[in-house]
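What follows is a short report on a single structure.
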Amino acid sequence: MGKITKEQIEITKVSTSRIESIDFDNLAFGQVFSDHMLTCDYKDGQWQMPKIEPYAPVSLMPSAKIFHYGQSIFEGMKAYKDTTNNVFLFRPMENVKRLNISAKRLAIPEIPEDYFMEGLKALLNIEKDWIPTKEGSSLYLRPFIFATGEGFHASPADEYKFIIACAPSGPYFSGDVKVLIEEKYSRSANGGVGFAKAGGNYAGQFYPTQLAKDKGYQQVIWTDDTSHEYIEEAGAMNVFVRINDTLVTSPVSDRILDGVTRKSILDIAKAEGINTEVRKIKVSELIEAAKKGSLKEIFGAGTAAVISPISGFGFRDTDFDLPKLEDTFATKLKNRIVEIQTNKTEDPFGWRVKV
Ligand code: COI
């Protein structure tokens, strides 16, 4: 398959844009969508030429395998605009690579990297006016692939659709996030699909998260599926804890997503002179540290929320509050990463990609 260029992408534009109806000053997360989307079909054993079309419903047969066997994967990315209207992506190749890691695990054909990247650039070229500039806002990009091929046989589909949809978005969370350490339900298991961004990974979280919400928490902290002794992720994010002045996060594994924000935070923290450790974190260590006062911070890290500070956690029947610090690692690291993403500062890591 030869490489494609964005000039080869067929574009069908909307007759009237919806942009005037959007309140860019009061954006929620992922609730409104831009005029156009990128689409690309897999059939006859190969990915066809990507297209840009109006954002519109997708028509599927009831027997499409996505409905029955859940072959569906996604990514989360953001586009940013600086003060002179240059458009940037943040480490986009990490998302392309991870989408294909997910594809392989879910027996979905991998998307050629240039179809993804050239398609995304062409889409952003058309949708650049949809990139919000208000602090804390961005154009959230949702690339995803799902099985459109038909059949009730439990086997991989022979047809798929790749879409990139765009949602001008504000912050993911508002207010305090209190979490419950989950000991019964598991997000993932060894040999499973926890490292992939499979839609079903998230569906499986909703019920235990609802149970935690009913008890007054906003999210759960997932623990390992065998012993439930180690913390692994926070909601749909990677998790960091600060013990005294050391920043600790769990190593990625079969069960833990290799988050782009996670690895960027580790690199930024090191460059800022913060002591970092990548190691397993016992629930009992967290509780001991909370009791002694050496547990200073817990935060989640992911593309959507960037960094989401956690104000306290529950374990069994006890609640532990975290101190309200003036200078947190969470704020410092979030500011650094957002400054890099939005071209407010030098990018010594070479992560920012101008579109
Ligand atoms: C992201 O942080 O982009 C994610 O993928 C989480 C998603 C569930 C909003």
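When we follow numbering that gives the first Met the number 0, the leftmost residue of the sequence shown carries the number 0, and every step to the right adds one. We put the CB at the ideal spot given by N, CA and C, even for glycine.
- In the structure shown, proline 308 falls within a strand segment according to DSSP collapsed to helix, strand and coil.
- Exclusion of the five residues before and after leucine 88 leaves Met76, Ala78, Val352, Val354 as the residues of its chain whose Cβ lies within less than 7 Å of its Cβ.
- Distances from the CB of alanine 63 to the heavy atoms of ligand 1 are all 7 Å or more.
- With 6 Å as the limit, the residues whose C-beta approaches any heavy atom of ligand 1 more closely are Gly75, Tyr201, Ala235, Gly301, Thr302, Ala303, in sequence along the chain.
- Assignment of glycine 148 by DSSP, reduced to helix, strand and coil, places it in the coil class.
- With contact defined as three or more Cβ pairs closer than 8 Å, the region 80-99 and the region 220-227 are not in contact.
- Distance between proline 108 and proline 250, taken at the CA atoms: about 28 Å.
- Taking 4 residues as the minimum length, the alpha helix (DSSP H) runs contained wholly in the region 33-94 are 64-68, in order along the chain.
- The beta-bridge partner set that DSSP reports for proline 142 consists of Ile163.
- A distance below 6 Å between beta-carbons, with the five flanking residues on each side excluded, links methionine 60 to the following residues of its chain, in chain order: Glu149.
- Within the same chain, Asp224 come within 6 Å of serine 185 by CB-CB distance, once the 5 residues on both sides are set aside.
- The three-state reading of DSSP puts lysine 290 in helix, counting H, G and I together.
- For the pair lysine 196 and leucine 140, the Cα-to-Cα distance works out to about 14 Å.
- Here threonine 275 is near leucine 246, since their CB atoms are less than 8 Å apart.
- The three-state secondary structure of valine 259, taken from DSSP, is helix.
- The continuous stretches of beta strand (DSSP E) do not include leucine 324, and DSSP gives it neither H nor E.
- By the Cβ test, the region 326-339 is in contact with the region 258-271, since at least three Cβ pairs between them sit closer than 8 Å.
- Taken through DSSP and simplified to helix, strand or coil, lysine 269 comes out as helix.
- If you draw a 10 Å sphere on the C-beta of tyrosine 206, you find fewer than 16 other C-beta atoms in it, and that means exposed.
- Below 8 Å, enough C-beta pairs join the region 30-46 and the region 151-166 to call them touching: three or more.
- Taking C-alpha positions only, alanine 329 is separated from serine 58 by approximately 43 Å.
- Beta-bridge annotation (DSSP): glutamine 217 is not paired with any residue.
- Partner residues in a beta bridge of phenylalanine 205, as assigned by DSSP, do not exist.
- Nearest to valine 31 by C-alpha distance, out of Gly311, Ser307, Ala164, is Ala164.
- Relative to valine 259, the option among Ile162, Glu74, Glu325 whose CA is nearest is Glu74.
- Scanning its chain for C-beta atoms nearer than 8 Å, with the 5 sequence neighbours on each side dropped, one finds around threonine 11 the residues Lys50, Ile51, Glu52, Pro53, in chain order.
- Closest in C-alpha terms to arginine 17, from the list Ala289, Leu294, Trp129, Val277, comes Trp129.
- By the Cβ neighbour-count rule, lysine 133 is exposed, with fewer than 16 other Cβ atoms within 10 Å of its own.
- Nearest to glutamine 340 by alpha-carbon distance, out of Gln45, Ala106, Leu138, is Leu138.
- In this structure, phenylalanine 143 and serine 71 form a Cβ contact; the two beta carbons are roughly 7 Å apart against a cut-off of 8 Å.
- It is roughly 40 Å from the alpha-carbon of tyrosine 68 to the alpha-carbon of aspartate 24.
- Only residues of its own chain outside the window of five on either side were considered, and among them Ile230, Val240, Leu294 have a CB closer than 7 Å to the CB of leucine 285, listed in chain order.
- Assigned with DSSP and collapsed to three states, tyrosine 184 falls in coil, not helix or strand.
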